[in-house]
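This note's numbering numbers the first residue of the sequence shown as 88 and each following residue consecutively. First the structure, in the form of structure tokens, and then the observations on it.
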Amino acid sequence: MKKNIMFQGTGSSVGKSLLTAGMCRILKDLNYSVAPFKSQNMALNSFITRDGKEMGRAQVVQAETAKIEPIVEMNPILLKPSSDVGSQVIVMGEVFKNMTATEYHSSKPMFKGVIKEAYDKLNEKYECIVIEGAGSPAEINLRENDLVNMGMAEMVDAPVVIIGDIDRGGVFASLYGTYMLLEEEERSRVKGFIINKFRGDVKLLEPGIKMLEDKINIPCLGVIPYFKLHIDDEDSVSLRFTHQGKKELVIGVVRLPHISNFTDFTPFEMEPDVEIKYINSVFDFEDIDLLIIPGSKNTIEDMVYLTNSGLSKKILEHHKNNFPIVGICGGYQILGYEITDNGNNESNIQKTGGLGLININTLISNEKRTVQVEGDVDIEFMGARLKTKVRGYEIHMGVTDFNESYNTFVHLDEGHDDGAINHEGNVLGTYLHGVFDNDEFRKFVLDIIRKSKGIETKDNDLSFEEFKESQYVELANIMKANINLEKMIQIIEHN
Numbered sequence: 088m089k090k091n092i093m094f095q096g097t098g099s100s101v102g103k104s105l106l107t108a109g110m111c112r113i114l115k116d117l118n119y120s121v122a123p124f125k126s127q128n129m130a131l132n133s134f135i136t137r138d139g140k141e142m143g144r145a146q147v148v149q150a151e152t153a154k155i156e157p158i159v160e161m162n163p164i165l166l167k168p169s170s171d172v173g174s175q176v177i178v179m180g181e182v183f184k185n186m187t188a189t190e191y192h193s194s195k196p197m198f199k200g201v202i203k204e205a206y207d208k209l210n211e212k213y214e215c216i217v218i219e220g221a222g223s224p225a226e227i228n229l230r231e232n233d234l235v236n237m238g239m240a241e242m243v244d245a246p247v248v249i250i251g252d253i254d255r256g257g258v259f260a261s262l263y264g265t266y267m268l269l270e271e272e273e274r275s276r277v278k279g280f281i282i283n284k285f286r287g288d289v290k291l292l293e294p295g296i297k298m299l300e301d302k303i304n305i306p307c308l309g310v311i312p313y314f315k316l317h318i319d320d321e322d323s324v325s326l327r328f329t330h331q332g333k334k335e336l337v338i339g340v341v342r343l344p345h346i347s348n349f350t351d352f353t354p355f356e357m358e359p360d361v362e363i364k365y366i367n368s369v370f371d372f373e374d375i376d377l378l379i380i381p382g383s384k385n386t387i388e389d390m391v392y393l394t395n396s397g398l399s400k401k402i403l404e405h406h407k408n409n410f411p412i413v414g415i416c417g418g419y420q421i422l423g424y425e426i427t428d429n430g431n432n433e434s435n436i437q438k439t440g441g442l443g444l445i446n447i448n449t450l451i452s453n454e455k456r457t458v459q460v461e462g463d464v465d466i467e468f469m470g471a472r473l474k475t476k477v478r479g480y481e482i483h484m485g486v487t488d489f490n491e492s493y494n495t496f497v498h499l500d501e502g503h504d505d506g507a508i509n510h511e512g513n514v515l516g517t518y519l520h521g522v523f524d525n526d527e528f529r530k531f532v533l534d535i536i537r538k539s540k541g542i543e544t545k546d547n548d549l550s551f552e553e554f555k556e557s558q559y560v561e562l563a564n565i566m567k568a569n570i571n572l573e574k575m576i577q578i579i580e581h582n
């Protein structure tokens, strides 16, 4: 029997993604050949693999902690919400179709074979698979045809550890209720529980732990303290949008209703003088030094939101004052004159005007471009010059045409150009996700702001790749210090 373990939770945002990542690194350090797996991920943060397949960012992080290249088999089904009731369904890295929640739920049986085949491919290659569930296994209304929690555990005969988040309160009730709502056969798979995000003296928690262990007859495998690391994590998505405090440089990111790939801004978190401030209203523009319009899963509706909320007017006011603005993917499309979706591929609205800061038009097509790219940058932006190479990835259904000649942002190695800089040199748009992962480009943009504010430039000794690795090491160390690793290994070995 191959080795595996599955982390399920009492609900969303309890820390499943991070603990799965940490377990991958711990096992790798113990010389296991290990891979992550999540059968179905619902997220607007996605990544493009080397072979052009789309998968969830959380499984990419987990692959990085396991020190392996991410492949789409680690996340065979990705749901990208495009409205309150529907999602774009990505199957094995490619667009399947847009489906309502009801349509998708009724179609789950047809995806079971896809999921099992993906898992089996990983299982053939790796010694151990660390599986992440989604939401909670106690969502009894979704138990029929479940493919992501206990249904997944049953499919691959995996032992289960349940994670509860004490920071939100009621952790004992959540753990007990989750366990008791499981079927008897499902309970037999549960080998332990972990309490996550604890603040304070663990001794005060021990009587409650003992009482819960007595009630459900499964052990506590650890109490993980509350910590903050700079790791892309679907389970802590809301924390990204929380104001983190004032620093010397403030980058404003417009919080679009359908914001996607906000992980593009994780690299700024390694910069000691940089703060990311998410813009929710016209009152949030105070003190920002750079405005970024991020990716979007529904560009037209998000542009309509900018207009109706007054944010577009505020953005244009800043632009008139020679304020630097960057648009990424959907944000790049929003910078243009017109966005059209005749086929209703993303929205029921077929056409809207953009901000008009770059003279481009975008047609939303039914074909998605998913590719890793790299190329040469030779630009002038805000009066500064940069010549370098960048790499990133594209995920978009829009085709953008230029109405006049522009300064191209990057000349791609594959033969065409991406992005544009306006004639005034203060607005930059690009389709490249991960563009700020490139250390030289990120430093170039930040140093422009530092110079304009009379702040000394900062030389960060770490590259972004080194910074990420330092965070992964810290995550594994925190887990090792606070879990019963010997017992966890026994569970993984099915002893």
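Just so you know, even glycine gets a beta-carbon here, dropped at the ideal spot from N, CA and C.
Assuming residue i and residue j make a contact with CB atoms under 8 Å, what is their CB distance in whole Å?
| i | j | result |
| --- | --- | --- |
| D488 | T495 | Incorrect: roughly 14 Å between the Cβ atoms, too far for contact. |
| T475 | E527 | 5 Å |
| N571 | L308 | 5 Å |
| L165 | E181 | Not really, about 10 Å apart at Cβ, beyond 8 Å. |
| I445 | Y493 | 7 Å |
| I253 | N283 | 7 Å |
| A225 | L269 | 7 Å |
Report all residues from its chain with a CB closer than 6 Å to the CB of residue i; omit the five preceding and five following residues, and keep chain order.
| i | result |
| --- | --- |
| R529 | P354 and F523 |
| L378 | G339 and I412 |
| P312 | F285 |
| S99 | G222 |
| I447 | G423, T487 and F489 |
| F531 | L473 |
| I380 | V341, G414, G418 and I421 |
| S452 | M484 and V486 |
| I43 | Any property of residue 43 remains undetermined from this structure, which presents the chain solely from 88 to 582. |
| D376 | L336, V337 and I536 |
Quick one: what's got a C-beta closer than 8 Å to residue i's C-beta in the same chain, skipping five residues either side?
| i | result |
| --- | --- |
| Y392 | L343, P344 and L398 |
| N395 | none |
| K401 | V369 and F372 |
| G143 | K125, N128, A130, N132, S133, F134, N162, L165 and E321 |
Can you list, in chain order, the residues of its chain with a C-beta nearer than 7 Å to that of residue i? Leave out the 5 residues immediately preceding and following it.
| i | result |
| --- | --- |
| V289 | V310 |
| N367 | R342 |
| L234 | S126, Q127, K195, F198, K199 and I202 |
| M390 | I421, I426, T439 and G441 |
For residue i and residue j, I'd like the C-alpha separation in whole angstroms.
| i | j | result |
| --- | --- | --- |
| I281 | L292 | 13 Å |
| V477 | N304 | 54 Å |
| L131 | M179 | 16 Å |
| L519 | R274 | 45 Å |
| E214 | M566 | 21 Å |
| G139 | N118 | 30 Å |
| E501 | N525 | 19 Å |
| P306 | G441 | 56 Å |
| R137 | K154 | 16 Å |
| N185 | K302 | 44 Å |
| E211 | I576 | 20 Å |
| D207 | G417 | 36 Å |
| N408 | I426 | 25 Å |
| E231 | L106 | 27 Å |
| R276 | Y559 | 29 Å |
| G102 | I92 | 16 Å |
| F314 | N569 | 12 Å |
| D465 | A507 | 11 Å |
| T189 | D374 | 45 Å |
| I250 | Q95 | 6 Å |
| E156 | R112 | 14 Å |
| E362 | T350 | 14 Å |
| K89 | T449 | 49 Å |
| T152 | P246 | 21 Å |
| N44 | E358 | What the structure shows of the chain is the stretch from 88 to 582, and residue 44 is not part of that stretch, so it cannot be assessed. |
| S323 | K545 | In this prediction, S323 has a pLDDT of 45, which is less than 50 and means its spatial position is unreliable; what the coordinates show is noted afterwards. Cα to Cα, S323 sits roughly 29 Å from K545. |
| K167 | T457 | 14 Å |
| M239 | R537 | 50 Å |
| G479 | K455 | 16 Å |
Using a Cβ cut-off of 9 Å (strictly closer), state whether residue i contacts chain B.
| i | result |
| --- | --- |
| R342 | In the structure shown, chain B cannot be found, because there is only a single protein chain. |
Touching by the beta-carbon criterion (3+ pairs, under 8 Å), the region 342-359 and the region 384-397:
yes
In the region 113-139, which residue ranges form an unbroken beta strand (DSSP E) of at least 3 residues, counting only runs that do not cross its ends?
121-124, 127-129 and 133-135
Only counting runs of 3 or more residues, tell me where the beta strand (DSSP E) segments fall wholly within the region 485-528, in order along the chain.
494-499, 504-508 and 514-517
Can you give, in chain order, each stretch of the alpha helix (DSSP H) that sits fully within the region 408-473 and has at least 4 residues?
417-421
Taking 8 Å as the threshold, find out whether the region 155-167 comes into contact with the region 108-127 through three or more Cβ pairs.
yes
Tell me the start and end of each unbroken alpha helix (DSSP H) in the region 215-281 that is at least 4 residues and wholly inside, in chain order.
237-243, 258-267 and 271-274
Every unbroken alpha helix (DSSP H) within the region 296-383, with a cutoff of 4 residues, ordered by chain:
324-327
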